[in-house]
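Residue numbers (our numbering), protein chains in the order written: chain U, 51 to 325; chain G, 14 to 304.
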């Protein structure tokens with residue numbers, strides 16, 4: 051379990067995260083959303099132990115990740131937005147690096163690479179960005195880490211690969227794996243992320259499961275524009291609107307509409323989801 | 014359960030991985046630097062062949078000169094090539110996220126920079142040079158033979174030590190036992206300083222490290238010269254007075270006598286302080302590294 055309490059971080063005088071408090075429970079795939087520069091990557095790097103928390107505490111299974119203990123590091127894997135093209139084949143890279151993650155499974159790596167239609171013997175420095183990303187995603191999943199942090203994992207992936215990515219994440223992670231995926235491409239991951247965390251500048255605007263969201267908000271895909279809609283957007287064939295769910299009817303959550311509704315009605319949403 | 018501080022099998026695995034990376038990052042450059050004898054022997058031979066019509070390889074003295082230059086370049090450049098990429102976000106992130114303890118990464122880094130790479134370079138250079146002197150009789154004797162013959166008496170016989178009573182005493186003093194340590198310390202300071210610069214500065218690593226070193230030496234000199242100035246002056250006088258007997262020198266210049274008598278010790282202690290300081294600074298830099 052990951053416990054974050056009053057976490058603060060700043061780059062010089064520029065405060066990025068302030069008083070962030072939340073728990074990340076096992077077996078969930080968290081979608082971390084937010085505008086550019088709100089600190090999504092910073093949060094992931096702090097979770098991974100790449101940066102220290104400047105204030106507050108962060109604990110991964112009771113230890114501070116910045117201590118970078120091998121036991122903590124082997125229980126997590128951080129997949130950054132930009133990955134490194136190593137001067138070796140994907141398989142050689144996986145075998146060389148995988149030996150440091152106790153639960154790494156080479157067979158699984160090969161299987162996931164096949165899912166992505168990728169060649170395990172191709173040199174990484176000869177791969178395209180998408181191919182390289184797929185090799186790293188395969189490696190990340192084959193590490194069998196308890197905590198998996200991914201920063202924009204679908205960047206650079208083509209349309210079929212995005213579907214393969216969703217399939218791989220659901221198929222190759224165990225029930226107790228906690229995944230945090232930071233993304234701007236909410237539609238790519240709509241089907242798999244739950245709960246959803248929306249970061250605002252310096253704070254958490256929303257941290258709720260899809261079930262909680264559909265309890266509180268109603269996503270209307272009709273043609274009639276509602277005056278009390280928190281957000282409405284014209285789409286081909288009608289419009290999509292986000293309304294307070296007064297009737298208790300469940301609806302399919304549209305993450306992009308939710309994101310825009312939350313950003314446009316920060317205080318209303320905060321009040322609505324206050325526990 | 015494996016220790017989070019140091020585990021031998023994990024360290025051995027990591028050292029192997031680190032050495033593979035080192036060979037990728039620095040292997041070719043080191044091979045070229047180690048082949049300087051061969052390169053200059055061939056170059057010298059070709060030039061003489063064109064100009065005089067006869068093959069004449071690079072003489073041992075010239076190869077020794079290039080050996081010193083190549084060694085200096087390697088000593089200064091290797092740490093940046095080996096670990097300079099750690100300040101890069103992508104490389105640094107991969108390095109920090111590897112489930113290996115900071116101590117294991119640190120020891121591996123120091124071993125590779127200060128022991129493995131210099132030793133391999135030295136063996137390669139001297140082996141290639143041996144091969145050159147064996148294949149090409151015009152190249153003279155090999156550097157390994159020259160180095161074997163080298164000792165301090167060469168300086169003495171060439172008047173560089175002056176043969177003074179005082180310095181003879183220094184040469185035969187019990188402190189001389191520390192001499193190998195003194196030489197290793199002198200050599201170690203450079204790769205360690207360059208390593209610290211490599212993992213600290215993001216750009217122009219070598220230039221900035223040398224710049225900091227020059228500033229540091231200037232500041233240190235400004236502090237030390239007034240405090241040890243008198244002793245140095247006494248030493249200068251003693252060297253000028255070459256015919257002074259040891260007993261007179263000892264009586265007249267006790268400060269200089271003590272300094273000369275313990276020169277090796279003083280130098281070794283100072284070097285040790287620098288080496289330890291650099292080792293500590295590298296450790297804290299590594300431990301506090303963030304991306």
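Beta carbons are placed, not taken as given, at the ideal position from N, Cα and C, and that holds for glycine.
Just so we're clear, the structure is a prediction, and the values are computed from it rather than from any experiment.
Taking only beta-carbon positions, decide if residue 150 (chain U) is within less than 7 Å of chain G. yes
Here's the rule: buried if 16 or more other CB atoms are within 10 angstroms of the residue's CB, otherwise exposed. What is residue 183 (chain G)? Confidence is the limiting factor: at residue 183 (chain G) the pLDDT is only 49, short of 50, which leaves the residue's position unreliable and the question unanswerable from this model.
Going along the region 108-128 of chain U in order, which residues come within less than 7 Å of chain G, judged by CB to CB distance? 118, 119, 120, 121, 123, 124 and 128
In three-state terms, what does DSSP make of residue 227 (chain U)? coil
7 Å CB neighbourhood of residue 242 (chain U) in its chain, flanking five on each side removed: 79, 216, 219 and 220
Counted within 10 angstroms of its Cβ, other Cβ atoms place residue 131 (chain G) as buried (16 or more) or exposed: buried
When the Cα of residue 313 (chain U) is compared with those of U:85, U:291, U:179 and U:76, which residue comes out closest? U:85
I want to know whether the region 114-129 of chain G touches the region 16-28 of chain G - three or more CB-CB distances under 8 Å. yes
Euclidean distance between Cα positions of residue 264 (chain G) and residue 283 (chain G): 27 Å
Under the three-state DSSP convention, the category residue 180 (chain U) falls into: helix
Only counting the same chain, and skipping five residues up and downstream in sequence, which positions put a Cβ closer than 7 Å to that of residue 288 (chain G)? 198, 201, 202 and 205
Between U:54, U:233, U:133 and U:276, which lies nearest to residue 187 (chain U) when the distance is taken from Cα to Cα? U:133
Of all the CB atoms in chain G, is at least one closer than 7 Å to the CB of residue 221 (chain U)? no
On the DSSP bridge list, what partners appear for residue 110 (chain U)? U:52 and U:113
Close Cβ partners of residue 246 (chain U) (< 6 Å) along its chain, the five nearest in sequence each way excluded: 81
Complete runs of the beta strand (DSSP E) confined to the region 190-241 of chain G [at least 3 residues]: none
If we cut at 7 Å on Cβ distances, does residue 114 (chain G) have a partner in chain U? yes
For residue 283 (chain U), which residues does DSSP report across the bridge? U:290
Distance, residue 238 (chain G) Cα to residue 59 (chain G) Cα: 51 Å
Quick one: which chain G residues come within Cβ less than 8 Å of residue 133 (chain U)? 103
Relative to chain U, which residues along the region 111-140 of chain G have a C-beta separation below 7 Å, given in chain order? 111, 112, 113, 114 and 115
Any chain U beta carbon closer than 7 Å to residue 17 (chain G): yes
Taking 7 Å as the CB-CB limit, is residue 303 (chain G) close to chain U? yes
Using DSSP with H/G/I as helix, E/B as strand and the rest coil, what is residue 298 (chain U)? coil
9 Å Cβ cut-off: residues of chain U touching residue 107 (chain G): 130, 133, 134, 136 and 147
Within-7 Å CB hit, residue 100 (chain U) to chain G: yes
Are at least three pairs of beta-carbons, each pair with one atom in the region 188-197 of chain U and one in the region 152-171 of chain U, less than 8 Å apart? yes
May I ask you to list, following chain order, the residues of the region 76-98 of chain U that have a beta carbon less than 8 Å from some beta carbon of chain G? 95 and 98
Contact criterion: CB-CB distance below 7 Å. Does residue 76 (chain G) meet it with respect to chain U? no
Within 7 Å of any Cβ in chain U, is that where the Cβ of residue 26 (chain G) sits? yes
So the alpha helix (DSSP H) residue 30 (chain G) belongs to, where does it begin and stop? 21-47
Alpha-carbon spacing of residue 167 (chain G) relative to residue 158 (chain G), whole angstroms: Caution is warranted here: a pLDDT of 46 is assigned to residue 167 (chain G), below 50, making its placement in the model unreliable, and no coordinate value can be reported.
Candidates U:138, U:150, U:248 and U:209, of which the one nearest residue 67 (chain U) by Cα: U:248
Could you have a look at residue 67 (chain U) and say whether DSSP puts it in helix, strand or coil? strand
Cα separation between residue 43 (chain G) and residue 138 (chain G)? 9 Å
Residue 273 (chain U) and residue 288 (chain U): beta carbons closer than 7 Å? yes
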